[in-house]
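Inspection log for the structure reproduced underneath, given as structure tokens.
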Ligand code: GLA
Ligand code: ZN
């Protein structure tokens, strides 16, 4: 179902279940929310024990009263299914619902997210409660969306999960001989004689069979998604028709979100960057990439479900956001295609683990507190930007970042253990495109390449079935494809490719990768331009004559039809190719051999982008630390320009040839004093945002 809320959503997690004995506070909350332009709250996320205080005894009246009151005041509700934490009675009566750790110990009651996704009892109890909630609330005009559970994650190794895993493996491979073949279990004599012997990976037992590990990762992901599906089905079977989402997490490895996305009507996620811990421009890039991962899951508008209005309490240091930071972070989400800015939490709790976590409303409870005032500012600015609701982000460029590849690559034992820097390498590729002001999609190997002009695939150790073929067609049809070192090494079972790598793409790349040299921390090599580089028009024009540093991994290659554009500058492989290009069909394939410094990617990708004829939002270079992101709507394009530097940056808005429709920045006017302004005179103040329409 296509989800359209008809407005940009603003609000966040609200826990009246912790405040039922404070009617005045509940009343005052509504006044404060309205004043802050809040138009939606997420309710009931951890309210199971208030909704079902005893087994089979439901109490929904308090919830209905609150939903009604919010609705009468123009505030909609995202209603949660409360499976993220269970009541005491449930765990006491049915201990099977509690999770077992990888060292085979069962947890006791406590925490949240401490449950088995396989347990039939847990699934049934959740199903019953969800059905009741749907019957009572789905038709309520104030309820606009279901928030399924909360931040699904982690894994369980209980006997029920072990059996479910064995069944999953048997369904996949049919015979135990096939399992042994696909997992290469004759290594260290670990062959299975029957399915009953299969156990999840454990530090107490099996940890050397990579095929087992990989299938366990797939199982845990699919079992969690199946649990989520069970929750959604309960709502639907009870007649629920409202759309569903679940809140995803930053760079979360355990669930393949591409698979999970198929169950959801709209994607949402929670972001908690450590702003001001190091340069904000780098934090903004990193956070921006996560936004783009989320948007690309469905290639559709998505939601920012949680972010922190002040400081979190669970990071090692609870640093305050500088004036203007909240607005910049919030508008970054909107720029990247979000339809919402939502917070954890509306009101700070009185006790418990999160009593010091930032909130719109402080314990103090009044409307003259700094964070509250900044939240009011964000709320009114979202109203000013309401015309771009429903517009979408389109990209000519995609970077591949694949969950299954990550599982395999990071567990593989070699060529560097632990510090392979997969995410960092993907980021270097992503940043290099973003620095030119281009929108970037971050796709996985199952997604289509057809709508892109350039696709970069860094460290694609595993080629999943069908991917190489897709790349071949993409390049034949005129696409520009970039592959890096340590790619096409294994198949979907983490079995190595025989006969040369990158598997199935040696002709497309015009080379064969031979050996890979891993460097100790602190060791470097250099990449220097080859002769062909100065002869290549685009590279010569780009003035790529200098040397660049590389570290960690250096792939050695034998070229067939590819031309070296850069060669190594040091070591016994000095003079051998380090960046190559190959013409194939109507397209081109580049191969980056080493973990090069960011500047290399920046310069090379600027040239490759120009060569591919990709239009940039404007021709002047994007200043360092400034993010440019465009949303396209029915009557124009909205270009967000945001300064994530803690210093002002000159920026000539004229160069964009658009109409300035929005500007916002905070001016520090004196010690402890600041004002907000919506003036813009060609200087982007720290954390300032402008939006141009054209
Ligand atoms: C997560 C959870 C919330 C809350 C916040 C605190 O995102 O979903 O319930 O605990 O963290 O930052
Ligand atoms: Zn379990």
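Residue numbers (our numbering): 192 to 885.
Even glycine gets a Cβ: it sits at the ideal position worked out from N, Cα and C.
Cβ of residue 658 within 9 Å of any chain D Cβ
No chain D is part of this structure, which consists of one protein chain only.
Would you report the Cα separation of residue 679 and residue 449, rounded to the nearest angstrom?
Position 488 of the chain shown, counting from 1, holds the residue named residue 679. Position 258 of the chain shown, counting from 1, holds the residue named residue 449. Using only the alpha carbons, I get a separation of about 21 Å.
Taking the alpha-carbon of residue 286 as reference, which of 310, 292, 562, 514 has the nearest alpha-carbon?
Your numbering for residue 286 matches position 95 in the chain shown. The residue among 310, 292, 562, 514 with its C-alpha nearest the C-alpha of residue 286 is 310.
Within a Cβ cutoff of 6 Å, which residues of the same chain sit near residue 846, ignoring the five residues on either side of it in sequence?
The residue you call residue 846 lines up with position 655 of the chain shown. The answer, listed in chain order, is 809, 811.
Is residue 270 near residue 336, with beta carbons less than 9 Å apart?
As a position in the chain shown, residue 270 is number 79, starting the count at 1. As a position in the chain shown, residue 336 is number 145, starting the count at 1. Contact: yes.
Pocket of ligand 2 defined by Cβ to heavy atom distance under 7 Å:
Matched residues: 290, 291, 307, 308, 309, 310, 347, 348, 349, 351, 352.
Leaving out the 5 sequence neighbours to the left and right, which residues in its chain are closer than 7 Å to residue 691 when beta-carbon positions are compared?
For the purposes of this step, residue 691 is taken as residue 500 along the chain shown, with counting starting at 1. These residues qualify, in order along the chain: 697, 703.
Looking at the structure shown, is residue 808 part of a helix, part of a strand, or coil, going by DSSP?
In the chain shown, the residue the question calls residue 808 occupies position 617. DSSP places residue 808 in coil when its eight states are reduced to three.
Looking at the secondary structure, which residues open and close the alpha helix (DSSP H) in which residue 675 lies?
As a first step, residue 675 must be located in the chain shown, where it is residue number 484. Unbroken run through residue 675 is the beta strand (DSSP E), 671 to 675; no alpha helix (DSSP H).
Kindly indicate which three-state DSSP category residue 745 falls into: helix, strand or coil?
Position 554 of the chain shown holds residue 745. Residue 745 falls in the strand class under three-state DSSP.
Could you say if the stretch 427 to 443 and the stretch 451 to 461 meet the contact criterion of at least three C-beta pairs nearer than 8 Å?
yes
Residue 855 lies in the beta strand (DSSP E); which residues open and close that run?
Your numbering for residue 855 matches position 664 in the chain shown. 850 to 861 is the extent of the beta strand (DSSP E) around residue 855.
Check whether the Cβ atoms of residue 352 and residue 391 sit closer than 9 Å, and answer yes or no.
As a first step, residue 352 is located in the chain shown; it is residue number 161 there, counting from the start. As a first step, residue 391 is located in the chain shown; it is residue number 200 there, counting from the start. Yes, the pair counts as a contact, with Cβ atoms nearer than the cut-off.
Taking only the alpha-carbon atoms, compute the straight-line gap between residue 883 and residue 783 and give it to the nearest angstrom.
Stepping through the chain shown from its first residue, residue 883 is reached at position 692. Stepping through the chain shown from its first residue, residue 783 is reached at position 592. In a straight line, the C-alpha of residue 883 is about 36 Å away from that of residue 783.
Is the CB-CB distance between residue 644 and residue 803 below 9 Å?
The count along the chain shown starts at 1 and reaches residue 644 at position 453. The count along the chain shown starts at 1 and reaches residue 803 at position 612. For residue 644 and residue 803, yes; Cβs fall inside 9 Å.
Relative to ligand 1, is the shortest distance from any of its heavy atoms to the C-beta of residue 449 smaller than 8 Å?
Position 258 of the chain shown holds residue 449. Checking every heavy atom of ligand 1 against the Cβ of residue 449, none is found closer than 8 Å.
Take the Cβ of residue 777 as the centre, count every other Cβ of all protein chains shown within 10 Å, and call the residue buried at 16 or more, exposed below.
Position 586 of the chain shown holds residue 777. Classification for residue 777: exposed.
Coarse secondary structure for residue 800, derived from DSSP in three states:
Counted from its first residue, the chain shown places residue 800 at position 609. Three-state result, residue 800: helix.
Cα separation between residue 865 and residue 529?
Locating residue 865 in the chain shown gives position 674, where the first residue counts as 1. Locating residue 529 in the chain shown gives position 338, where the first residue counts as 1. So the alpha carbons of these two residues sit roughly 28 Å apart.
For residue 868, is the classification buried or exposed, using 16 other Cβ atoms within 10 angstroms of its Cβ as the cut-off for buried?
The residue labelled residue 868 in the question sits at position 677 within the chain shown. In summary, residue 868 is exposed, with fewer than 16 beta-carbon neighbours lying within 10 Å of its beta-carbon over all protein chains present.
Is it true that the CB of residue 446 sits closer than 9 Å to the CB of residue 416?
As a working mapping, residue 416 is identified with position 225 in the chain shown. As a working mapping, residue 446 is identified with position 255 in the chain shown. In this structure, residue 446 lies closer than 9 Å to residue 416 by Cβ.
Can the beta-carbon of residue 464 be found closer than 9 Å to that of residue 475?
Translated into positions along the chain shown, residue 464 becomes position 273. Translated into positions along the chain shown, residue 475 becomes position 284. In contact: residue 464 and residue 475 (Cβ atoms closer than 9 Å).
Could you name the residues of the same chain whose beta carbon sits closer than 6 Å to that of residue 629, not counting the 5 residues immediately before and after it, in chain order?
Numbered from 1 along the chain shown, position 438 holds the residue referred to as residue 629. Excluding residues within five positions, the ones whose Cβ falls inside 6 Å are 588.
In or out: residue 542 buried (at least 16 other Cβ within 10 Å) or exposed?
The sequence position of residue 542 within the chain shown is 351, counting from 1. Flag for residue 542 reads exposed.
Would you call the stretch 362 to 369 and the stretch 323 to 336 in contact, with 3 or more CB pairs under 8 Å?
no
Helix, strand or coil: which one does DSSP assign to residue 319?
Locating residue 319 in the chain shown gives position 128, where the first residue counts as 1. Three-state result, residue 319: helix.
Among 322, 595, 510, nearest to residue 887 - alpha-carbon criterion:
Nothing about residue 887 can be reported from this structure: the residues present for the chain run from 192 to 885 only.
When you compare each of 264, 754, 537, 300 to residue 333 by their alpha carbons, which one comes out closest?
Working through the chain shown from its first residue, we reach residue 333 at position 142. Closest by alpha carbon: 264.
Just curious, the beta strand (DSSP E) that residue 834 is in, first and last residue?
Position 643 of the chain shown, counting from 1, holds the residue named residue 834. Its beta strand (DSSP E) spans residues 827 to 834.
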